[in-house]
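To keep things clear, I will list the structure first and then write my remarks on it.
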Amino acid sequence: MQIAASEEVTRFERSLPWLAITAAVTPFIGLFGTVWGIIDAFHGLGTAGAATLRAVAPGISEALITTAAGLATAIPAVIAYNLLGHGIREFAARSDDFAMEFLNTVESAQSSPQAQQRVGAHD
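Going by the numbering used here, the residue at position 34 of the sequence shown is 35; the numbering climbs one at a time, nothing skipped.
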């Protein structure tokens, strides 16, 4: 029973690393997009020749959008990872408890005098 429970927990945990990777990587992708947008904004300043909002607005807008997209992906991934991880740990603990209780019940039923008398009656 413990082997079966362990295999199920392993099966549940198989896809969990993808949530962890998503939660860890997407803020950096958003940050990369932010840097790229700011570089684009400075490029717009250079080509416009004057520091106007019209020259920098597209680059800053792209920077903010990629930052928001990175956070909008990372935050749910972290929440899902933590919730699923907690659920898997709880399942593992409950299945271990069940296996131990079941084993104790079987052992106590086998060692009780009534069970031994029933076995002796069948001989």
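Glycine included, every Cβ here is placed at the ideal spot set by N, Cα and C.
Kindly list the residues whose CB is nearer than 7 Å to the CB of residue i, restricted to its own chain and excluding five residues on each side of it in sequence; keep chain order.
i   : result
S62 : none
G82 : One detail in the question is off: residue 82 reads as Tyr in this sequence, not Gly. Cβ within range, chain order: L17, L20, A21, A24.
For residue i, which residues from the same chain have a beta carbon less than 8 Å from its beta carbon, with the 5 sequence-adjacent residues on both sides left out?
i    : result
L46  : A52, A56, V57
A100 : M2, Q3, A6
D97  : Q3, A6
L104 : M2
Are residue i and residue j touching if we call contact CB-CB under 8 Å?
i   : j   : result
L84 : L17 : no
T35 : T68 : yes
G60 : A49 : no
To the nearest whole angstrom, what separates the beta carbons of residue i and residue j, a pair I think is in contact under 8 Å?
i   : j   : result
V10 : I89 : 6 Å
G71 : L32 : 7 Å
Can you give me the Cβ contacts of residue i inside the same chain, cut-off strictly under 6 Å, excluding the 5 residues immediately before and after it?
i   : result
A78 : L20, T23, A24
F13 : I89
A64 : T35, G38, I39
A75 : A24, T27, P28
A93 : V10
**Entirely enclosed beta strand (DSSP E) segments - the region 23-89, minimum 3 residues** = Counting whole runs of 3 or more residues, the region 23-89 contains no beta strand (DSSP E) stretch at all.
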